[in-house]
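Residue numbers for the sequence shown, in this note's numbering: 406 to 994.
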Amino acid sequence: MCGIIGYVGGGNAAEIILGGLKRLEYRGYDSAGAAFLSDGKIQLIKKQGRVEKLAPLLKEIHSRTGIGHTRWATHGVPSDINAHPHCAGGIAVVHNGIIENYAELKAELISGGAKFVSDTDSEVVAHLLLKNYRGDLVFALRETVKLLKGSYALMAICESEQRIAVARHKSPLIIGYGADGNFCASDEPALAGLCNTITILEDGDIAEISEKSVKIFDRFFNPVTRNEEPNLAVSASLGLDGYPHYMLKELNETPLSVEATARAFEGVKERFREELAGVRRVILTGCGTAYHAALIGKRYIECFARIPAECETAGEFRYKNPVIDEHTAVFAVSQSGETADTVEAARLALSLGAKVIAVTNSHRSELTRIATVSVPVAAGPEICVAATKSYTGQIAALYLSAAVLAGEKFYADCAEKIRLIPNLLTLTLESLDMRSLAHVCASSSGVYFLGRDLDYAVALEGSLKLKEISYVAGEGYPSGELKHGTLALIDVNTTSVVIITDEELAGKSGNAVEQVLSRGGKVAVITSLEGVKEKFSGKLPLVVLPKCDKYLSPLLSAVAVQMLAYKAAAVLSREIDKPRNLAKSVTVE
Ligand code: M6R
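This is how it looks when you write it as structure tokens:
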């Protein structure tokens, strides 16, 4: 999964591509590269590592047409050779997606004499373009995509043509209209400040982008007109505002995220209510942190509305042949709204007759566009790869959605309760002191996050966050399950973080604390309960949270575990905002 950008016009292509790639780097940072048309020749520059490495090399480029790429490696290790663009003859191409039948295509091309240099799936596209080229790059692209299986957003240039040919299938691609030329890119942020209007291409579209014109064709190669929409991406670069990392800044924005999400919900409440009238079954889906929010949403829907609900990671959901009919509502939860597994799960649900509710922070994403109705998460741009404020926003959105399904009076009560949360989050953020626990976790051989019910869902999130940014191994576990296996892993080198915010389950989770202590493991407890504080005070590290409604407590304990992960990663001097091997949005399956 990668970020791509192209430009053709009267401006300095190298500068434009470099700026766009910097804004796209959240989509992958294993390597970066660009190809330019210069004096009828392709000039290629690519490097393993961050976009910044291209900057000095691009100073030498004088060109008005170029394409660029920032890579999250899927096929072939991160290296200069595997970096995009890939070239064949006088053609260069960048690709976001996965060509699933690349091995067969490659074998066929090699038998025809093609010479491959990289281990990527994408290089086959360059060779196919060359093979299909008869003096018209758009035609060559059209013939090429007929042979591809998988997902792609493609941009190609050719040394004998002053234009860019693009195509998309299941990977995002937009066109931007500028005053001094035209653009194409994976998403709006890449074009922030460059153009005021954009067109979001549809699956199967192919387009020809020149300095003065843009022509779009549908999957049957009929000319089509697609809507032009305002480019909403902000041009100012989103600064750190004095914070050392985006993650810390974004954690401190969780109160705003909840407040703005609750406000935004008012705007869609009626539509949501109408669309979901008569729903008898709910399925929630998402990936990673969004899946953890979905787990909490499932509990809300069952507890508040008494509608049977299930939760499944999006990648699994798709291949389970799910039982779905028109009385089923599928909540697809995704910060980016473009995670391939989640978008495809939503498509599948729609095709089976379900209503799909997009719960997303990205209001013009593919997920929003295909959903029956969107419930906005108003977290604002989230730059750090690790999700924080989008998670709290998702929980808030799901809480209010479930409350609507439970009836007017119940909703009014919940809307009142959630109004208190931004202040409680601010209090939590001000009072959290995770320094010594972070040191303990950073030096542990494994960290186990334990909890029951909603606390268990937050335990999963704590564990994921710690692994993701500190690279410390561990697991999220239901505390009742500890004694059924995981207890064997507990020794003096491990730490268990037990979350206890539910009065009714406090005794049970307290048992898990004792079980770990009696095996010599280190334990810390995160709690908002007086009884738990009294029981463990002076005996083990306690993280005390403000008192809060049981169903909303995940919002506070989530911030606690995310902050713990942040501090542990800081102790280990990790690159917190861009953890190794990862990317912010994952548009491949
Ligand atoms: O954009 P999405 O919410 O669909 O992304 C889903 C996951 O890739 C994401 O939550 C991931 O797990 C985070 N990096 C975790 O911090």
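Think of the CB as a built atom: it goes at the ideal place given N, C-alpha and C, for glycine as much as any other residue.
Nothing here was measured: the structure is a model prediction, and the numbers come from that model.
*For valine 902, write down the residues that DSSP places opposite it in a beta bridge.*
By 1-based counting over the sequence shown, the position of residue 902 is 497. Answer is Phe854 and Ala929, bridged to valine 902.
*Could you tell me the boundaries of the beta strand (DSSP E) in which glutamate 715 lies?*
Against the sequence shown, residue 715 aligns to sequence position 310. Taken as a continuous stretch (DSSP letters only), the beta strand (DSSP E) holding glutamate 715 covers 714–718.
*Who are the near neighbours of isoleucine 450 in its chain, counting only those whose CB is closer than 7 Å to its CB and skipping five residues on each side?*
The residue labelled residue 450 in the question sits at position 45 within the sequence shown. Taken in chain order, the residues that qualify are Gly438, Ala439, Leu459, Leu462 and Leu463.
*Assign valine 966 to one of three DSSP states: helix, strand, or coil.*
Here residue 966 is taken as the residue at index 561 of the sequence shown, counted from 1. Three-state result, valine 966: helix.
*Which class does tyrosine 538 belong to by DSSP, given the choice of helix, strand or coil?*
Here residue 538 corresponds to residue number 133 of the sequence shown, with the count starting at 1. Tyrosine 538: coil per DSSP, three-state reduction.
_Every unbroken beta strand (DSSP E) inside the region 721–752 [3 residues or more]_ = 733–739
*asked:* With DSSP as the reference, identify every bridge partner of phenylalanine 441, one or two as the case may be.
replied: For the purposes of this step, residue 441 is identified with residue 36 of the sequence shown, where counting begins at 1. Bridge partners of phenylalanine 441: Gln448 and Gly471.
*Does the region 738–748 come close enough to the region 689–700 to have 3 or more Cβ pairs within less than 8 Å?*
yes
*Can cysteine 716 and alanine 699 be called in contact, C-beta distance under 8 Å?*
In the sequence shown, residue 716 corresponds to position 311, counting from 1. In the sequence shown, residue 699 corresponds to position 294, counting from 1. The answer is yes: Cβ separation under 8 Å.
*If you count every other CB in all the chains shown that lies within 10 Å of the CB of leucine 825, and 16 or more means buried, which is it?*
Walking along the sequence shown from the start, residue 825 turns up at place 420. Burial call: exposed.
_Run of the beta strand (DSSP E) containing phenylalanine 626, from where it starts to where it stops_ = Here residue 626 refers to the residue found at position 221 of the sequence shown. From DSSP, phenylalanine 626 is part of no beta strand (DSSP E); its letter is neither H nor E.
*Residues bridged to methionine 560 (per DSSP)*: Locating residue 560 in the sequence shown gives position 155, counting from the first residue. Answer is Val499 and Val571.
*In terms of residues, what are the limits of the alpha helix (DSSP H) holding lysine 760?*
The count along the sequence shown starts at 1 and reaches residue 760 at position 355. Counting along the chain, lysine 760 falls outside any alpha helix (DSSP H), though it belongs to the beta strand (DSSP E) covering 760–765.
_Rounded straight-line distance, which links the Cα of glutamate 886 to that of threonine 932_ = In the sequence shown, residue 932 corresponds to position 527, counting from 1. In the sequence shown, residue 886 corresponds to position 481, counting from 1. Answer to the nearest angstrom: the Cα atoms are 20 Å apart.
*In the DSSP assignment, what are the bridge partners of tyrosine 412?*
Here residue 412 corresponds to residue number 7 of the sequence shown, with the count starting at 1. Answer is Gly471 and Phe588.
*May I ask whether a heavy atom of the ligand M6R can be found less than 7 Å away from the beta carbon of lysine 397?*
Only positions 406 to 994 of the chain appear in this structure, which leaves residue 397 out of reach.
_Alpha carbon of isoleucine 904 to alpha carbon of threonine 659, nearest angstrom_ = For this step, residue 904 is matched to residue 499 along the sequence shown. For this step, residue 659 is matched to residue 254 along the sequence shown. So the two alpha carbons sit approximately 20 Å from each other.
_Tell me the DSSP secondary structure of serine 779 in three-state form._
Residue 779 sits at position 374 when you count from the first residue of the sequence shown. If DSSP states are grouped into helix, strand and coil, serine 779 belongs with the strands.
_Within 10 Å of its beta-carbon, does alanine 975 have 16 or more other beta-carbons around it, so buried, or fewer, so exposed?_
For the purposes of this step, residue 975 is identified with residue 570 of the sequence shown, where counting begins at 1. Its Cβ being crowded by 16 or more others within 10 Å, alanine 975 is buried.
*asked:* So for glutamate 866, helix, strand or coil by DSSP?
replied: Here residue 866 refers to the residue found at position 461 of the sequence shown. Helix at glutamate 866.
*With a threshold of 16 other CB atoms inside 10 Å of the CB of tyrosine 412, please say whether the residue is buried or exposed.*
Locating residue 412 in the sequence shown gives position 7, where the first residue counts as 1. By the neighbour-count rule (16 or more Cβ atoms within 10 Å), tyrosine 412 is buried.
*From this set, Glu909, Asp860, His489 and Phe854, which residue's C-alpha is nearest alanine 929's C-alpha?*
If you number the sequence shown from 1, residue 929 lands on position 524. The option with the nearest alpha carbon to alanine 929 is Phe854.
*Between the Cα of asparagine 999 and those of Ala750, Ser739, Gln740 and Ile706, spot the shortest distance and give me the residue it belongs to.*
Nothing can be reported for residue 999, as the shown portion of the chain is limited to 406 through 994.
*Which partner residues does serine 836 have in the DSSP bridge list?*
Numbered from 1 along the sequence shown, position 431 holds the residue referred to as residue 836. According to DSSP, which records beta bridges pairwise, serine 836 is partnered with nothing at all.
*asked:* What does the alpha-carbon distance come out to for the pair histidine 732 and leucine 805?
replied: As a working mapping, residue 732 is identified with position 327 in the sequence shown. As a working mapping, residue 805 is identified with position 400 in the sequence shown. Using only the alpha carbons, I get a separation of about 20 Å.
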